[in-house]
Structures are given as structure tokens and as C-alpha cells.
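Visitor: In this note's numbering, the protein residues as written are 104 to 368. Don't be surprised by glycine CBs; every beta carbon is placed ideally from N, CA and C. Quantities reported herein were computed from a predicted structural model and do not represent experimental measurements.
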């Protein structure tokens, strides 16, 4: 029993030596180069907290496709992921830090091939179309929950766009404000795509999310408190500004944990 206890203590200490951060390639908010080196807003935030924390802890990026990042976070194989949508299903698997640090007023739009005869002028026009969606992603509730739609899950945004360009699917869904930049970074020919008329507009909130185990740890709780203080004292506003994101809306700062709007990434 003593050996098991010592092993448990050793493991707990080891778990606090570094924070494993899941990073997918999602320009402009996170990016991976050809060597797997990561950069992005969530790393900026965590490194700021690290440098202003009493904890002697490293922040380590774990590159992964989006769907794998989500799965690893839910299974506790990584500790943190950023820019995540907050949905009831995800809340059962991970812990969300409030307030959200991303508040993007944009639209979900649909792109088809420029030579396609497809027209999408209203939501119902999506029925009968093959729509590429990134596996594990969430968009807006009506779309996410609509079993009538033919959604083709793919591991990355690059593959989703490639399928449209090759004519294997009819449409791809994307956030309008970031789609063109993302395709430019991914070196994809955006000029070969045509944006459909229909759009779903809302304020999109992006959160930091933690694995259940990390959220309940001493370090996880401390980082959550740091994050909330940074939001209140406007430090977060300064960190998100280089990414062309707006300041956190004041009404979100006064909301209780768990009541933050759930229309997110």
C-alpha cells in the first residue's frame, strides 16, 4: 500500500510538471509548420499565465488533427485545448473555462465549386447536398442536429476543401471571417470556390476547455482563476487583439460559470 501511495504521489507531481495543449492547424488562431512546431492564441494565453503563476510548469504543444485533439481531450490524454464550441455533449466530457476568450461576430457560410450549378439560397436548399464537415466540429445547432442533411466527415479543413474542388462533395461549411485566410495559409485556390447566398449569422464564442482530470487538479484550478482575472483586468483583450479579435463583451464578464452563451467554435 505504501509503494502504491508513493507511486500515486509521484505520478501526481509528474502530471503537474507540464501542461499538454492540443493544437490543430486552424489559421489564423493556431498553426503548425512543416516540422510540427506550433503557435497560436491558446499558447500565448497559457504561456502568459505560466509566467505570472507560482507554478513551475512547462506548456507543451501536442500537434493533432482537430478530431483527434477533441478525442484526446475527452479521454484526458491532453490537458487543454482552445477555441472550442461549448455544447451539451462536450460539457459531459470536458470542462469549459468562462468567460470565452473569443467572441467573433461572423457567419457560417457554404462554399461550392465555382463551376457547380448548385444554389443554396435558404437553409432547406442544403437538403440533398453532400456537405463536407470537419470530424468532431460543431457549427450552429440547427445544422448540427439536422439528421436530414448528408454530412461527410473529414479529418481537416484542407481535405474538406479538396473534396469540393475534386467534385466529391457539393459543399463545405466554414466561418466566413476566417475561411479565406485559412485557405490562403493552406495554399488552396479559393478563387475556384463560390460562396452560396445562404448564411447563418451569430456571435461565435470560443472557449478554453480542459480535461475533466486537469480541471480538478490544483494547477488546473489555478489556471482557471488566472484566466478569469485576465478577462476582468483586460489582459485577455490585449492578447487576442493581434489575432484581429474583439475585446470580450462586458456582459460575459458578469455571468456565472456555466451560463455563458453556447454558440461557439
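Candidates 192, 139, 195 and 147: which alpha carbon is nearest residue 168's?
Guide: The shortest Cα separation from residue 168 among 192, 139, 195 and 147 belongs to 139.
Visitor: Are the beta-carbon atoms of residue 220 and residue 163 separated by less than 8 Å?
Guide: Contact flag unset, no.
Visitor: Exposed or buried, which one is residue 260 when buried takes at least 16 other CB atoms within 10 Å?
Guide: Result: buried.
Visitor: To the nearest angstrom, report how far apart residue 342 and residue 258 are at their CA atoms.
Guide: Cα to Cα, the separation comes out at about 29 Å.
Visitor: Taking DSSP as the reference, what is the three-state secondary structure of residue 238?
Guide: Three-state result, residue 238: coil.
Visitor: Measure how close the beta-carbons of residue 296 and residue 214 come, nearest whole angstrom, since I'm counting them as under 8 Å.
Guide: With 8 Å as the limit, residue 296 and residue 214 qualify as a contact, their Cβ atoms being about 4 Å apart.
Visitor: Could you check what DSSP says for residue 223 in three-state terms: helix, strand or coil?
Guide: Here residue 223 sits in coil by DSSP.
Visitor: If distances are taken between C-alpha atoms only, which option among 173, 231, 222 and 245 comes closest to residue 239?
Guide: Nearest option by C-alpha distance: 173.
Visitor: Do residue 141 and residue 152 have their C-beta atoms within less than 8 Å of each other?
Guide: Contact: no.
Visitor: Just to confirm my understanding: we take residue 362, look at its own chain, exclude 5 residues before and 5 after, and list those with CB closer than 7 Å. What are they?
Guide: The predicted model places residue 362 with a pLDDT of 42, which falls under 50 and marks its position as unreliable; any figure quoted below should be read in that light. Here the set comprises nothing.
Visitor: Measuring alpha carbon to alpha carbon, tell me which residue in 236, 351, 355 and 246 is nearest residue 263.
Guide: Per the Cα distances, 236.
Visitor: What residue range is occupied by the uninterrupted beta strand (DSSP E) comprising residue 265?
Guide: Looking at the DSSP string, residue 265 is not in any beta strand (DSSP E); the run it does join, the alpha helix (DSSP H), is 260 to 268.
Visitor: Residue 319 lies in the alpha helix (DSSP H); which residues open and close that run?
Guide: Element bounds for residue 319: 315 to 319.
Visitor: What residue from 124, 144, 166 and 155 has the CA that sits closest to residue 135's CA?
Guide: With distances taken between Cα atoms, residue 135 lies closest to 166.
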